[in-house]
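A.B. asks:
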Amino acid sequence: MTPLFSFLVLSLKFLSADCKTEAGFCSCSCQKKELIMKAVSILTVLSAAVFGFFVGISFPVQITPQLQCGILPCSSGDAANYSFSGTSMIGILWSAFRNTNIQSNGTSENHAVTKPKGAEKLPPGLVVTESDLHMRRLWGSPKEDVATGKYLLALAVGYSEKANVNATVHKFSDEFDVVLFHYDGRTTEWDDLEWSKQAVHVSARKQTKWWFAKRFLHPSIVAPYEYIFLWDEDLGVDNFTAEEYVKVAMKHGLEISQPGLDSTRGKKTYEVTVRRNDAGEMHKTNEGGRCPDVHQRPCSGFVEVMAPVFSREAWTCVWHMIQNDLVHGWGLDFNFWRCVDNPEEQIGIVDAQYVSHHGVPTLISQGNGEQEGSSEKVRARQWAEMHTFRERISNAEKERGNSAAALEEYHP
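In mature numbering (1 follows the signal peptide of the UniProt record, and there is no 0), the protein residues as written are -19 to -1, 1 to 393.
Here is the structure:
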């Protein structure tokens, strides 16, 4: 602006100068006219710019770029980091002169961005996005209620395994909240057990552990729990203590794990899950086993679907991987590795706290008993679901453009 004002000052001085000669008067007059026209043009432009500036700061304009998120455009909420919603850019530049607080409107916008879908009409301080499976009393102050457990034990159970389930729950301390998924509809028969009165009971006939987990263990529901134990009902726990197990898992940074299996007192399917006496507290691979590649499943980075233990972060990923219509969960264990950063380091078998697998076929007997061969039909669906799951993984990898990714398979 300085050169412009200097030009105007010099022009005014020149216009006020005297012209003494006739020839000079003619020349001076022509130059004066030319300078007057230039000065008027410049003053007109400056006046329009100043007028437009003040109009702009009086009427803020929302500037929100339309960003691309996947195949759908982002809303202003999704593009919060890249937009200036509800704040005039001119206002930002002029705020120092106006002494206005442009952050107040921006703060409310940030609160709106964090609201989940469906909660837009609520004030930010009223929105609660997480819950738990902790029982609460009907009286007294909520602040004085017993605190939510640090960990969660979830078991799919039938009444025929009541004694074994009772023994299992007693291996878990008060730091654990307990939820029982009843697949036989018999819930009241557990009332004689004291701990059962503080457990959550969910009943749905002839449904599997993974069917229950997909519907009742949403990440927002289990968010308070550091570890989620999602176990079968037929495990022998004579040599197991849950609190000690958690200590080992934390110490070794295991995001997904399971207790080692005592093969002398129960069944085994994979060598890597068998307890090793020479491995110390835990092991992560089956070095020296029959697997052709120790870096592939099920030789490392592998636990079974029978007794998995997930960290909160790992479970969030696994929950999203569970297919809603594939109820048996076959094939999930060969893909748990997708939910950690380093499968060979963050997935392991805890030998210091081990169990035995009784292998009681309680669930397969829950087929349609009125029809002959119902158990075989259940088994047939399990295999069919596993093949379907593999196909979905393969197709998903191709869609992501990662056709070179290995499809984990094992043929015993």
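Glycine included, every Cβ here is placed at the ideal spot set by N, Cα and C.
Bear in mind the structure is a predicted one, so any value in this text is a computation, not a measurement.
With distances taken Cα to Cα, identify the nearest neighbour of E224 among E294, E111, E156 and E366.
C.D. replies: Nearest of E294, E111, E156 and E366 to E224, Cα basis: E156.
A.B. asks: With 16 as the cutoff for other CB atoms within 10 Å, does N267 come out buried or exposed?
C.D. replies: N267 is buried by the Cβ-count criterion.
A.B. asks: Figure out for me which residue from L119, P97, D113 and S28 has the closest Cα to the Cα of R293.
C.D. replies: Ranking L119, P97, D113 and S28 by Cα distance to R293 puts D113 first.
A.B. asks: Would you call the CB atoms of F291 and D314 closer than 8 angstroms?
C.D. replies: Not in contact: F291 and D314 (Cβ atoms no closer than 8 angstroms).
A.B. asks: Between the beta-carbon of I303 and the beta-carbon of G312, is there less than 8 angstroms?
C.D. replies: Not closer than 8 angstroms, so no.
A.B. asks: Of the residues K195, A144 and A30, which one's Cα is nearest the Cα of W171?
C.D. replies: The shortest C-alpha separation from W171 is found at A144.
A.B. asks: Within the continuous beta strand (DSSP E) that includes W171, where are the two ends?
C.D. replies: Where W171 is concerned, there is no enclosing beta strand (DSSP E), given that its DSSP letter is neither H nor E.
A.B. asks: Return helix, strand or coil for Y132, following the three-state DSSP convention.
C.D. replies: Y132: strand per DSSP, three-state reduction.
A.B. asks: Assuming contact is defined by CB atoms lying nearer than 8 angstroms, are H199 and W296 in contact in what I supplied?
C.D. replies: Contact: no.
A.B. asks: So is H163 buried or exposed if we call it buried at 16+ other beta carbons inside 10 Å?
C.D. replies: H163 should be labelled buried.
A.B. asks: Taking only three categories from DSSP, how would you classify G217?
C.D. replies: DSSP places G217 in strand when its eight states are reduced to three.
A.B. asks: Here's a check: name, in chain order, each residue in its chain whose Cβ is nearer than 8 angstroms to the Cβ of V181, leaving out the five neighbours to either side.
C.D. replies: Same-chain partners within the cutoff: L114, M116, D158, V159, V160 and L161.
A.B. asks: Using DSSP's beta-bridge definition, name the partner residues of I237.
C.D. replies: Answer by DSSP bridge pairing, in chain order: F291 and I328.
A.B. asks: Anyone know if the C-beta pair for K190 and G340 falls short of 8 angstroms?
C.D. replies: It is not a contact, given that the beta carbons lie outside the stated cut-off.
A.B. asks: Are the region 242 to 256 and the region 328 to 340 touching by the rule of at least three beta carbon pairs closer than 8 angstroms?
C.D. replies: These segments touch.
A.B. asks: Are there 16 or more other CB atoms within 10 angstroms of the CB of M231, so buried, or fewer, so exposed?
C.D. replies: With fewer than 16 other Cβ atoms within 10 Å, it is exposed.
A.B. asks: So, under 8 angstroms CB-CB, I209 and A288 are touching, yes? Tell me the CB distance rounded to an integer number of Å.
C.D. replies: With 8 angstroms as the limit, I209 and A288 do not qualify as a contact, their Cβ atoms being about 12 angstroms apart.
A.B. asks: Go to V183, then tell me how far its beta strand (DSSP E) extends in each direction, as first and last residue.
C.D. replies: V181 to S184 is the extent of the beta strand (DSSP E) around V183.
A.B. asks: Taking all protein chains shown into account, decide if W318 is buried (16 or more other Cβ within 10 angstroms of its Cβ) or exposed.
C.D. replies: Buried is the call here.
A.B. asks: Which residues mark the beginning and the end of the alpha helix (DSSP H) in which R229 is found?
C.D. replies: According to the sequence displayed, residue 229 carries Val and not Arg. Run containing V229: A223 to K232, per the alpha helix (DSSP H) assignment.
A.B. asks: When the Cα atoms are used, what is the spatial distance from K379 to R373?
C.D. replies: Rounded to whole angstroms, K379 to R373 spans 10 angstroms at the Cα level.
A.B. asks: Compare the Cα-Cα distances from Q334 to each of R362, E325, E262 and Q363 and report the closest residue.
C.D. replies: Q334 has its Cα closest to that of E262, out of R362, E325, E262 and Q363.
A.B. asks: What's the gap between the Cα of P342 and the Cα of D322?
C.D. replies: Computed Cα separation, rounded: 35 angstroms.
A.B. asks: Hey, how far is the Cα of Q277 from the Cα of K265?
C.D. replies: Answer to the nearest angstrom: the Cα atoms are 12 angstroms apart.
A.B. asks: Which whole-angstrom value is the C-beta distance of P205 and F221, which I expect to be below 8 angstroms?
C.D. replies: Their Cβ separation, rounded to whole angstroms, is 24 angstroms, which puts P205 and F221 out of contact at 8 angstroms.
A.B. asks: Going by DSSP in three states, D113 sits in which element: helix, strand or coil?
C.D. replies: Of the three classes helix, strand and coil, the one that applies to D113 here is coil, per DSSP.
A.B. asks: Quick check: what's the CA-CA separation for W212 versus V108?
C.D. replies: One C-alpha to the other measures close to 33 angstroms.
A.B. asks: Here's a check: name, in chain order, each residue in its chain whose Cβ is nearer than 7 angstroms to the Cβ of D165, leaving out the five neighbours to either side.
C.D. replies: Counting only Cβ-Cβ distances below 7 angstroms, and skipping sequence neighbours, we find G139, Y140 and R186.
A.B. asks: Determine the burial state of L74: buried for a count of at least 16 other Cβ atoms within 10 Å of its Cβ, exposed for fewer.
C.D. replies: Caution applies to L74, whose pLDDT of 43 falls short of 50 and renders its modelled position unreliable; the value that the coordinates give is listed next. Answer is exposed; the Cβ neighbour count stays below 16.
A.B. asks: State the DSSP-derived secondary structure class of T25, mapped to helix, strand or coil.
C.D. replies: In the structure shown, T25 sits in a helix (DSSP, three-state: H, G or I).
A.B. asks: Let me check understanding here. Comparing Cα to Cα, which of I202, S281, S337 and S201 lies closest to R246?
C.D. replies: It is S337.
A.B. asks: Compare the Cα-Cα distances from H368 to each of L307, V286, L235 and D259 and report the closest residue.
C.D. replies: Among L307, V286, L235 and D259, the Cα nearest to that of H368 belongs to L307.
A.B. asks: Nearest-angstrom Cα distance between T88 and P105?
C.D. replies: A caution first: T88 carries a pLDDT of 40, below 50, which makes its placement in the model unreliable, though a value can still be read off. Their backbone Cα atoms lie some 11 angstroms apart in a straight line.
A.B. asks: Between the alpha carbons of T169 and V183, how many angstroms are there, rounded?
C.D. replies: Whole-angstrom Cα-Cα distance: 11 angstroms.
A.B. asks: Please look up how many angstroms separate the CB atoms of E285 and D215, rounded, as I've assumed it's under 8 angstroms.
C.D. replies: That pair is no contact at about 13 angstroms.
A.B. asks: Under 7 angstroms Cβ to Cβ from S177, same chain only, skipping five residues before and after it: list those, please.
C.D. replies: Contacts found: W171.
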